[in-house]
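> Take a look at the following structure, please.
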Amino acid sequence: MKAIVVTDQAAGTAGMKLAERPEPSPAINDVVVQVRASGFVPTELTWPSTWTDRRGQDRTPTIPGHELAGVVTALGYGTTGLSVGQRVFGLADWYRDGTLAEYIAIEARNLAPLPGDIDFTVGASLPISGLTAWQGLFVLGRLQAGQSVLAHGAAGAVGAMVAQLAHEAGAYVIGTGRAADRQKALDFGAQEFVDLDRDVLEDVGGVDLVFDVIGGDIGKRSARLIRAGGTLVSIVGPVEARPADGRAIDFVVESDRAQLGEIVERVRDGRLRTNIGNIASLDDAVAAFNPTKRVSGKTVIRVGS
Ligand SMILES: NC(=O)c1ccc[n+]([C@@H]2O[C@H](COP(=O)([O-])OP(=O)(O)OC[C@H]3O[C@@H](n4cnc5c(N)ncnc54)[C@H](OP(=O)(O)O)[C@@H]3O)[C@@H](O)[C@H]2O)c1
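If you want it as structure tokens, here you go:
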């Protein structure tokens, strides 16, 4: 099968290559999915799981990409809950070959049914950004209606989901990002926007929840904005400064079939819009992941016809 592979960690996205790889076979509780669309987060090329297995042994050449939408073509021993021919979408294991390929073997529990009226490219754009926002806001952040949320990078892949889901849940959303993204962030549900290059972040006053997708100095300054009893949720590693009187949480997203269902239902009925910046074919994927100009939103790869 055709797949994108990486072998050289230092090369970053420039080291991605289109190659022939053997088709995967399903292990216990797996399905094989014919991938129809794939999502990729560029930072995954810095994650240890892209380069080593769970024992720390080299696992290159690696197929990157962890989001997919496609059709089940085979079931592993003992697999239940999904059937051959079913449309699915979901989040692939960090330590196994990924979704930038024509086929993937993946645990069935990492997938959810993809309704027939949702395009595969939309399905593949949702798992990481949608689940990360859902888990950070509702599971770990315990967001309540009436609270305020500082959604950093609100025009980005995760931030756009955070802004929309928080807004729908009845929160007051302050989005941040670059000047060029102001309108996009407001369109995704932010009621106010902070241009991190020109505005003073501290002017937003106190907030109940910060969703940090940036870290560094922005993360540290954001911790000081959290009201008593509030929460700093970080998805960019351990927090460097904690709120004086609140919780700090950093986490890595996990797949969850029920949450994927909640997310896709919202896309179907228009409560949630995905944030796709570019769609390319598998043959053009390497060029798409090495853009010559800035792309706002996710790059999704269409696989097959
Ligand atoms: N822990 C987890 O489970 C998890 C899950 C998903 C993602 N992540 C991580 O979260 C981060 C964001 O992911 P994403 O997919 O949402 O990325 P993204 O689509 O690039 O969104 C990030 C947004 O924040 C903006 N931004 C970044 N730094 C900024 C700064 N200093 N000032 C103003 N705006 C800034 C970006 O603008 P520009 O494009 O102009 O920089 C972009 O609009 C990545 O590091 C990713 O690895 C972690």
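In our numbering, the protein residues as written are 1193 to 1497. Each residue gets a CB set at the ideal place from its N, CA and C atoms; glycine is no exception.
Could you tell me if residue 1232 is buried or exposed, where buried requires 16 or more neighbouring beta carbons within 10 angstroms of its beta carbon?
That one is buried.
> Can you name, in chain order, every residue of its own chain whose Cβ lies under 7 Å from the Cβ of residue 1338, other than the five neighbours on each side?
Hits under 7 Å: 1362.
> Whole angstroms is fine: what's the gap from residue 1377's alpha carbon to residue 1479's?
Straight-line Cα distance between these residues: approximately 27 Å.
> Kindly indicate the opening and closing residues of the alpha helix (DSSP H) around residue 1449.
Per DSSP, residue 1449 belongs to the alpha helix (DSSP H) from 1449-1460.
> To which residues of the same chain is residue 1371 closer than 8 Å at the C-beta, ignoring the five residues directly before and after it?
Closer than 8 Å at the Cβ level, and outside the excluded window around residue 1371, lie 1387, 1389, 1390.
> Secondary structure at residue 1342, three-state DSSP: helix, strand or coil?
If DSSP states are grouped into helix, strand and coil, residue 1342 belongs with the strands.
> Any chance the CB of residue 1428 is under 6 Å from a heavy atom of ligand 1?
Yes, the beta carbon of residue 1428 sits closer than 6 Å to at least one heavy atom of ligand 1.
> Compute the minimum distance between the beta carbon of residue 1320 and the heavy atoms of ligand 1, and state whether it is under 6 Å.
True, at least one ligand heavy atom lies under 6 Å from that Cβ.
> Helix or strand or just coil, what does DSSP make of residue 1379?
It is helical.
> Let me make sure I understand the geometry here. Which of 1227, 1328, 1295 has the alpha-carbon closest to that of residue 1306?
The option with the nearest alpha carbon to residue 1306 is 1227.
> Are the stretch 1433-1444 and the stretch 1305-1322 in contact at 8 Å, needing three or more beta carbon pairs?
Verdict: no, contact absent.
> Please confirm if the stretch 1274-1289 is in contact with the stretch 1338-1356, defined as three or more CB-CB distances below 8 Å between the two stretches.
No, because fewer than three Cβ pairs between the stretch 1274-1289 and the stretch 1338-1356 fall closer than 8 Å, the two stretches do not touch.
> Is the closest heavy atom of ligand 1 to the C-beta of residue 1347 under 6 Å?
Flag set: Cβ of residue 1347 near ligand 1.
> Give the range of the beta strand (DSSP E) segment to which residue 1336 is assigned.
Counting along the chain, residue 1336 falls outside any beta strand (DSSP E), and DSSP gives it neither H nor E.
> According to DSSP, is residue 1403 helix, strand or coil?
The answer is strand: DSSP assigns residue 1403 an E or B state.
> At a cut-off of 6 Å, would you count residue 1388 as near ligand 1, judging by its Cβ distance to the nearest heavy atom?
At least one heavy atom of ligand 1 is nearer than 6 Å to the Cβ of residue 1388, so yes.
> On a Cα-Cα basis, can you pick out the residue from 1213, 1349, 1461 that is closest to residue 1360?
Considering only alpha carbons, the answer is 1461.
> What's the call for residue 1453, buried or exposed, on a 16-neighbour Cβ count within 10 Å?
Under this definition residue 1453 is an exposed residue.
> In whole angstroms, what separates the C-alpha of residue 1486 from that of residue 1404?
About 21 Å.
> At a cut-off of 6 Å, would you count residue 1273 as near ligand 1, judging by its Cβ distance to the nearest heavy atom?
False, no ligand heavy atom lies under 6 Å from that Cβ.
> Under a three-way DSSP split, which group does residue 1441 fall into?
Note: residue 1441 maps to strand in three-state DSSP.
> Taking a contact to mean a Cβ-Cβ separation below 7 Å, would you say residue 1425 touches residue 1441 in this structure?
Yes, they are a contact pair.
> How far does the beta strand (DSSP E) with residue 1387 in it extend, from its first residue to its last?
That run of the beta strand (DSSP E) goes 1384-1387.
> Counting C-beta neighbours from all protein chains within 10 Å, is the total for residue 1429 16 or more, i.e. buried, or is it exposed?
Classification for residue 1429: exposed.
> Counting along the chain, where does the beta strand (DSSP E) carrying residue 1262 start and finish?
That run of the beta strand (DSSP E) goes 1259-1267.
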